[in-house]
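Read left to right, the sequence shown gives residues -23 to -1, 1 to 135 (mature numbering (1 follows the signal peptide of the UniProt record, and there is no 0)).
Each residue gets a CB set at the ideal place from its N, CA and C atoms; glycine is no exception.
As the structure is a computational prediction, the values presented were derived from the model and not from experiment.
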Amino acid sequence: MKKLPYILTFILTLMLSIGLTSCNDDDDDIVKIPEIKTIADFVVANSDNYSSLLAALQKANLVETLSGDTMYTVFAPNNDAFAAFLTSAGFDSLDDVPVDVLTQILLNHVVAGNVQSGDLATGYVNSLSTATPNGANMSMYIDLADGVKINGIAKVTA
């Protein structure tokens, strides 16, 4: 019976040693994902699919506007969407699109504020584009019946 306290002390010491060893900071090999704060950050981080958007934002001088302190949500068209637009509008490249037209097209993909997917509802949402005859903001139709679709065409994926 005299050995029991020694055995218990040994077991407790062993458990404490194992417990302290497991507290080692072994998170050194974790790759930190860069924080994406602006649309420019997003398109640079996803340039394989959004290089046309970055080029369009630069041509329309909207990178700085959308990178400021004001919160915007951009329904970002990918490279395939730009290719489809250029073809349907009869342009050979982004360089052929007049800057004022390009600016309004891009702003039609932008809404004021931080809109999360859970905030969306079927209906019209005002964009920042003022390409209407009276200068009022254009609107997008959001349809949630089968995922998220904008204006019956564009399917939102992220």
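{"Query": "Could you tell me the distance, in whole angstroms, from the CA atom of LEU34 to the CA atom of ALA122?", "Result": "31 Å"}
{"Query": "Mapping DSSP to helix, strand and coil, what is ASP72?", "Result": "helix"}
{"Query": "Is the CB-CB distance between VAL92 and THR50 below 8 Å?", "Result": "yes"}
{"Query": "Compute the beta-carbon to beta-carbon distance between LYS36 and LEU71, rounded to the nearest angstrom, for a pair I have assumed lies under 8 Å.", "Result": "7 Å"}
{"Query": "Run through the DSSP bridge pairs and tell me what VAL88 is partnered with.", "Result": "THR50"}
{"Query": "Would LYS132 pass as an interface residue toward chain B - the criterion being a Cβ-Cβ separation below 8 Å?", "Result": "Among the chains of the structure shown, chain B does not appear; only one protein chain is present."}
{"Query": "Can you tell me where the alpha helix (DSSP H) holding VAL20 begins and where it ends?", "Result": "16 to 22"}
{"Query": "SER106 and ASN128 - do their beta-carbons sit closer together than 8 Å?", "Result": "no"}
{"Query": "Output the distance between the C-alpha atoms of SER65 and VAL40, rounded to the nearest integer angstrom.", "Result": "25 Å"}
{"Query": "From SER44 to GLY67, what distance separates their C-alpha atoms?", "Result": "31 Å"}
{"Query": "Go ahead and pull the three-state DSSP assignment for ASP120.", "Result": "strand"}
{"Query": "Which same chain residues, not among the five before or five after SER104, have their C-beta less than 8 Å away from its C-beta?", "Result": "LEU84, ASN85, HIS86, VAL87, VAL88, ASN114, MET115, SER116 and MET117"}
{"Query": "Give the straight-line distance between the Cα atoms of TYR27 and PRO54, rounded to the nearest whole angstrom.", "Result": "7 Å"}
{"Query": "My guess is that ILE119 and LEU97 are in contact by the Cβ rule of under 8 Å, so how many angstroms apart are they, rounded?", "Result": "5 Å"}
{"Query": "What are the boundary residues of the beta strand (DSSP E) that VAL102 is part of?", "Result": "100 to 103"}
{"Query": "Straight-line CA distance for GLN81 to THR99?", "Result": "23 Å"}
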